[in-house]
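In our numbering, the protein residues as written are 31 to 384.
The C-beta atom is built at its ideal place from N, Cα and C for all residues, glycine as well.
Remember, it's a predicted structure, so these values are computed and weren't measured experimentally.
Some notes on the structure that comes next.
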Amino acid sequence: MQMTMRWFGPEQDKIPLEYFRQVPGVEGVVGALYDVAVGEVWPEEKIAALVGQAQAAGLTMEVIESVNIHDDIKIGLPSRDRYIANYQQTIRHLAKAGVKVICYNFMPVFDWMKTDMNYVLPDGSLTMAFEKKGIDKSLEEVVKEVLENSNGFALPGWEPERLGKVQELFAQYKDVDDVKLRENLAYFLKAVIPVCEEVGVKMAIHPDDPPYSIFGLPRVVKNRDDLDWICNAVDSEANGITLCTGSIAEDPANDVYGILAEFSRRKRIHFAHVRNIKIIQDKDFYESAHPTQYGSLNMLKVIQSLHDNGFDGYIRPDHGRFIWGETGRPGYGLYDRALGVTYLLGLWEAVSSK
Ligand SMILES: [Mn+2]
């Protein structure tokens, strides 16, 4: 197991690398290039510079989050082959720089959805929340609210230029249902997994956030059966999962601990996002502090399910609240995530020294 934290790079993250290094137990940062258009090849020299910066600070960068997938691949347009060839090339370049795992998602249009980026908790801390009433409005309104509440930070997967044309994007997906989206995912995996095997990189798909359809969009990474289908679509260890406990738990019907246990045993969880969420009612929730008592997940059971089933991948706390007056990119302040690291490592130590 290797503990990591997400870092948005020197231009976009105001937290210096040495601060991550000073969090006890953190060995690496998870990064990405944000100045390459989705679908284009990530240049070798840019990757080397990014990874080199982390290494110079005494940290690894063996996980990339994310290399996003061009909409044409998800829609299944003829132009997808060019974008897939680019993706294969990016995988080769990342492998050369020592990257081991690539996190990605296969969600149409939006990478994730929250309806409140500054939800105030009783202790005065700020977090992100999702309430169904928040999406009972026009698409444009929903997009505008997310973009306006990002505290001035660019949000990966929420590129204003792309989402400025949200209606056009939706129109492009009008013939893509779950069956079609699944076919397009399989087509993509069949093309990239052999390259991953050749160069020693593992793909790790992130569950849909939330893990059910919103705005009528198709969804194919929602639950245990979807993950099983994906693992079988190309039966290779290189075809794996980023198991995000928060996203999976956003559908209360999902057995989070069972999923963690099964796919750890099957050696398909290469990267774990570990956060707690608090269900408010039905599927409305907010992202709580990490400890069990603040959310709806039993975090000891989460860590135990990973540990006891042989999980040996990368792990990171997921989003954190804003506490102690900190401001910044929603979900990615330093303080609360650092508390999350310490807590998760404490649980790991306890379950591994039994
Ligand atoms: Mn996640």
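Nearest C-alpha to K174 among M158, T157 and K195: K195. Taking 7 Å as the cut-off, the C-beta of H300 does not count as close to any heavy atom of ligand 1.
In this model, Y49 and F183 are separated by some 20 Å (Cα to Cα).
Residue burial is scored here from C-beta neighbours: S243 has fewer than 16 other C-beta atoms within 10 angstroms and is therefore classed as exposed. Of the heavy atoms belonging to ligand 1, none sits nearer than 7 Å to the Cβ of S155.
No Cβ-Cβ contact shorter than 8 Å links D208 with V176. Separation of N148 and G361 (C-alpha to C-alpha, rounded to the nearest whole angstrom) is 10 Å. Assignment of Y149 by DSSP, reduced to helix, strand and coil, places it in the strand class. Your pair P248 and E280 does not check out as a contact, with CB atoms roughly 17 Å apart and the cut at 8 Å. Counting only residues of its own chain and dropping the five nearest sequence neighbours on each side, K313 has no CB closer than 6 Å to any other CB.
A direct Cα-to-Cα measurement between G69 and D153 gives close to 42 Å. Look at V381 here: in three-state DSSP terms it is helix. In this chain, the alpha helix (DSSP H) harbouring G276 covers T275 to A279. D238 and D166 have their C-alpha atoms roughly 19 Å apart.
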